[in-house]
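Counting from 1 along the sequence shown, just add 5 to a position and that's the residue number in this note's numbering. Here a beta-carbon is modelled for each residue, glycine too, at the ideal position from N, C-alpha and C. The structure presented is a predicted model; accordingly, all values stated were derived computationally and were not measured. Here the structure is laid out as structure tokens; the discussion comes afterwards.
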Amino acid sequence: MSEQLCKIFGQKGADFVRKIIKLALDEDEQDLTANGIFDENDKSYGKLIARQDTYVVGLVLIPAILEELGVEEPERLYTLKVSEGSYLKDMEIAAEFEMNTALLLKAERIILNFITRLSGIANYTKRYLKELEGTGVTLLDTRKTLPGHRYLDKYAVRAAGAKNHRMTLADMLMVKNNHVDAAGSIAKAVEKLRLKYGEACPPIIVECRDKNEVLEAVSVVPQRILLDNMSPEELSGNLPLIPKNIEAEISGGVNLKTIRTLALSSKIRPADFISVGSITHSAPIADFSLRVNRLK
């Protein structure tokens, strides 16, 4: 199980995922209701069902959840009826279980909590990707994720077909407005970063608010320039100032109604990326249920 999680999330991410699963189970404490009604010989059949047309993401967590509950060979207790990331129709079965009743009832809500959230993020991400079709602009997420769930939230974004922005503050050095204002200028902030980290300096992104900042950012040649909260008209004037050897990203004020207009704001120099915080912080959950029937 550890190998599977590491393959999907990386070692650091797998550690976070295991911790969050344990925390979720610890929050529930003992299931006194199920433990009082059923004994170790009671077994049930369960089916995980989509209650709407939806993509399903999070099935990969089922064995880790069962393993955390003490199951030594979790793969023997459930069967996936579809693959991770599949599109399900309303009432279609995603997975089936045959296992101890009390254990299944203990796992039920935890499985649903993860899958409904991650599938919801995937659904919402797909809607944004649909709006970007044909633009050539890559959709990115942000760090606006549920605390502790970042590896999971960003995994759902990837599963839907979009890309991840930086996972941690150490992945890229983002010079934001507050950094610039405190340092005195973009040039000073970038110079200090390059002196501090030398040849090991991570990629630098500079956030710009207006034309003057864009021109200053171009002069120090960062990896990427982020155009923050600009209108289509402002983007049309500022994107062409960024040479192709510097990546260009649009961010701020992006929603389903504006994303396509923003992405198409400059035919001369289209953006490379557009980042959207709402795909993780405002995605409606997907509706799934786990129905349990006792086996005789």
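Helix, strand or coil at residue i [DSSP, three-state]
i	result
LYS48	strand
LEU22	Correcting the residue type first, residue 22 is Val in the shown sequence and not Leu. Helix, per DSSP.
THR38	helix
THR143	strand
SER287	coil
ASN298	strand
ALA55	strand
LEU174	coil
ASP233	strand
VAL162	helix
LYS168	strand
VAL281	coil
PHE43	coil
Own chain residues within Cβ distance below 6 Å of residue i, not counting five before or after
i	result
GLY18	TYR156
VAL142	ALA268, ALA276, ILE279
ARG274	LEU244, PRO245
HIS286	LYS149
ILE25	GLY153
MET177	ARG171, PRO207, PRO208, ILE210
VAL180	ALA194, VAL211
Residue from the options with nearest C-alpha to residue i
i	options	result
CYS206	SER124, ALA175, VAL219	ALA175
GLU97	VAL226, THR59, GLU80, GLU113	THR59
VAL61	ARG81, ASP233, ASN46, LEU123	LEU123
GLU252	ARG265, ASN234, LYS131, VAL226	VAL226
ASN183	ALA167, ASP158, CYS213	CYS213
ALA164	TYR129, ARG171, ASN298	TYR129
VAL281	SER270, MET172, ILE264	ILE264
GLU196	ALA222, SER283, THR173, ASP215	ALA222
VAL259	GLU239, LYS272, SER283, SER271	SER283
LEU93	GLU77, GLN57, GLU32	GLN57
ALA167	ARG81, GLU138, ASN217	GLU138
ASN169	SER270, ALA127, GLU218, GLY203	ALA127
LYS216	LYS201, LEU71, ILE247	ILE247
LEU28	THR266, THR173, TYR83, ILE115	ILE115
LEU300	GLU32, PHE43, ASP33, GLY15	PHE43
GLU218	LEU200, ASN250, ALA192	ALA192
ARG171	LEU85, GLU238, VAL87, ARG229	ARG229
LEU117	ALA288, ILE70, ASN234	ILE70
GLU113	ARG81, ALA39, GLU89	ALA39
LEU82	GLU101, SER91, GLU89, SER88	GLU101
LYS272	PRO68, LEU231, LEU240	LEU240
Same chain, Cβ closer than 8 Å to residue i, neighbours up to 5 away in sequence not counted
i	result
LEU261	ARG132, TYR133, GLU136
ILE54	MET96, GLU97, ILE98, ALA99, PHE293, SER294, LEU295, ARG296
ASP36	ALA107, LEU110, LYS111
Own chain partners of residue i with C-beta closer than 7 Å, once the 5 adjacent residues on each side are dropped
i	result
GLY63	PHE119, ILE120, LEU123, SER124
ILE13	VAL65, TYR160
Local Cβ density within 10 Å of residue i, reported as buried at 16 or more and exposed below that
i	result
ALA187	exposed
SER190	exposed
LYS159	buried
SER236	exposed
GLY51	buried
ASP146	buried
ASN234	exposed
GLU73	buried
GLU254	buried
LEU200	exposed
SER256	buried
Exercise. Counting only runs that start and end within the segment 236-264, where is the beta strand (DSSP E) found for 3 or more residues in a row?
Worked result: Fully enclosed beta strand (DSSP E) runs of 3 or longer: 252-256.
Exercise. Counting only runs that start and end within the segment 58-128, where is the alpha helix (DSSP H) found for 4 or more residues in a row?
Worked result: Whole alpha helix (DSSP H) segments, 4+ residues: 67-73.
Exercise. Unbroken alpha helix (DSSP H) runs of length 4 or more, entirely within the segment 190-228: which are they?
Worked result: For the segment 190-228, whole alpha helix (DSSP H) runs of length 4 or above, ordered along the chain, are 191-202, 216-225.
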